[in-house]
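Colleague: Can you read through this structure? Questions will come right after.
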Amino acid sequence: MKLARKTTLTLRSLALGYLFLLIVVPVGTILFRTFQPSFGQFWEWITTPAAISALQVSIIIVLITVPVNVVFGIVVSLALVRGNLKAKGLIQAIVDLPFAVSPIIVGVSLILLWGHGGWFGGVESLGFRVIFGLTGMVIATIFVTLPFVVREVEPVLEEIGTEQEQAAATLGANAWQTFWRITLPSIKWGVAYGVVLTVARALGEFGAVIMVSSGLAGGSQTLTLLVHARYIDDHNVYGAYAAATLLMFIALLVLLAMTLLERNRKEFS
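Numbered continuously in the working numbering, the sequence shown closes out at residue 1078.
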C-alpha cells in the first residue's frame, strides 16, 4: 500500500514538474518580460498601427475560415457517416492530410499553384492576387484547419444514429427539414467544439501563412507574423513579447470557451 502511494506521488511529481518546465516557465517568462517596463508600455506596443492591423487581419481570416470549414465539415461528415461511398477511405485520408503534411509544404504548394508561373498564376493578370496577399493566407488557413469540424461532428453522427431522421421522414419531412430540425440540433455541440478548435488553430497558424504572405504590416501580417517580424527583423524584443502576450490572452479566451462547451455538453448529454 505504501509502495503504491509512493509510486503515485512520484508519478504526479514528475507530471507536474514536466508541465512546469514545459508551460509555466515559458509563459511566466513571457509575461515577466512583457510587463517588466510597465503596463503602459505594453498597451502602447499592442495599440500601434501594425499591431491593430495584424489583429484585424487575424480576425478577418478567422471570420472567413470558420464558416467555410463548418459547411465543409458538416457536408463531409454527413457523406462519410450517412452516405454509401466507395471512396470513403480516400476521403478520410484527404481530411487527415493537414495533420500529416507540414504547414511549410502547404505554403510551398500554394505558391506552385497560384504564384507567378504556377498552374493558376494567370489570375494575377486579371487583378486577382492570391500569393503574398490576404487571399493566399485565407486559403492556407482553411487547409490547415480543414479536419477539425469533420473530426468532431463525425463521431456525434455515428452516436445518434438515424432513428430520429427516419421517423421525421416517415412523418413527411423532406431532407432539408430533417436536417434543420433533427440533425443539426443533434450535432450542435460537435460543431461548436470544432469551431473553437478551428479558431484556435487559425489564430496561431504560422508556417503555412508566412509562406504565402508578404509579411508587410497593414494588410498581410497576422499576430503570429507580427511576433516574428518584431523579434527577428526589428529586434524589438519587448514589442514581440507584447504581441505574443496579446495572442496568448486570445488563446486563453478560446480555451475558456472550449471548457464551457465541454461542461455544457456533459450537462445536456
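Ideal Cβ positions, reconstructed from N, Cα and C, are used throughout, including at glycine.
Roughly how many angstroms lie between the CA atoms of F929 and Y827, to the nearest whole one?
Modeller: Taking the straight line joining both Cα atoms gives about 48 Å.
Colleague: What did DSSP end up calling G1048 once you bin it into helix, strand or coil?
Modeller: helix
Colleague: Where does E972 sit, in a helix, a strand or coil, going by DSSP?
Modeller: helix
Colleague: How do the stretch 842 to 851 and the stretch 1024 to 1035 stand: do at least 3 beta-carbon pairs fall below 8 Å, yes or no?
Modeller: no
Colleague: Which ranges would you report for the alpha helix (DSSP H) in the stretch 996 to 1047 if only whole runs of at least 4 residues count?
Modeller: 997 to 1013, 1016 to 1021, 1032 to 1037
Colleague: Taking the alpha helix (DSSP H) that S942 falls in, what are its first and last residues?
Modeller: Reading the sequence as shown, one finds Gly at residue 942 and not Ser. That residue, G942, is in no alpha helix (DSSP H); it is neither H nor E in DSSP.
Colleague: Taking L864 as part of the alpha helix (DSSP H), name the residues at either end of that continuous run.
Modeller: 858 to 890
Colleague: At what residues does the alpha helix (DSSP H) containing W928 begin and finish?
Modeller: It is not in any alpha helix (DSSP H) - W928 carries neither H nor E in the DSSP assignment.
Colleague: Does the Cβ of R1039 have 16 or more other Cβ atoms within 10 Å, making it buried, or fewer, making it exposed?
Modeller: buried
Colleague: I'd like to know whether the C-beta atoms of V904 and L955 end up nearer to each other than 8 Å.
Modeller: yes
Colleague: Identify whether F937 lies in helix, strand or coil by the three-state DSSP scheme.
Modeller: Reduced to three states, the DSSP call for F937 is coil.
Colleague: Quick one: grab the DSSP three-state call for N1073.
Modeller: Correct three-state label for N1073: helix.
Colleague: Measuring alpha carbon to alpha carbon, tell me which residue in V866, E963, P846 is nearest G1028.
Modeller: When C-alpha distances from G1028 are compared across V866, E963, P846, the shortest belongs to V866.
Colleague: When you compare the CB positions of G892 and L919, do they come within less than 8 Å of one another, or not?
Modeller: no
Colleague: Would V786 and V962 be called neighbours here (beta carbons separated by less than 8 Å)?
Modeller: Given a span of 810 to 1078 for the chain in the structure shown, any question on residue 786 remains unanswerable.
Colleague: Taking the C-alpha atoms as reference points, what is the distance between I1019 and I832?
Modeller: 25 Å
Colleague: If you draw a straight line from the C-alpha of K895 to the C-alpha of P964, how long is it?
Modeller: K895 and P964 have their C-alpha atoms roughly 19 Å apart.
Colleague: Find out if the Cβ-Cβ distance for the pair V947, I870 is shorter than 8 Å.
Modeller: yes
Colleague: Please tell me whether L889 and I900 are closer than 8 Å, where the distance is taken between their beta carbons.
Modeller: When the beta-carbon positions are compared, L889 and I900 come within less than 8 Å of each other.
Colleague: Is DSSP giving T954 helix, strand or coil here?
Modeller: coil
Colleague: Considering only residues of the same chain and omitting the five flanking positions on each side of A1011, which have a CB-CB separation below 7 Å?
Modeller: I870, V871, T874, T950, T954
Colleague: My output table needs one value for Q845: the three-state DSSP class, helix, strand or coil.
Modeller: coil
Colleague: Report the residue from S995, V879, W985, L1056 whose alpha carbon sits nearest the alpha carbon of E1014.
Modeller: L1056
Colleague: Suppose contacts are defined by Cβ-Cβ distances below 8 Å. Is Y1002 in contact with W854 by that definition?
Modeller: No, these two residues do not count as a Cβ contact at 8 Å.
Colleague: Pull up the CB-CB distance for A1083 and P912, whole angstroms please, since I reckon it's below 8 Å.
Modeller: Since the displayed the chain opens at 810 and closes at 1078, residue 1083 lies outside it and no answer follows.
Colleague: Applying the 10 Å Cβ sphere with the 16-neighbour rule, what's the burial state of I1041?
Modeller: exposed
Colleague: Among residues of its own chain, excluding the 5 on either side of Q973, which ones have a beta-carbon nearer than 6 Å to its beta-carbon?
Modeller: So the qualifying residues of the chain are I991.
Colleague: Round the Cβ separation of V1063 and V1004 to the nearest angstrom and send it over; I've been treating them as touching at under 8 Å.
Modeller: At roughly 10 Å, the Cβ-Cβ gap does not stay under 8 Å, so V1063 and V1004 are not in contact.
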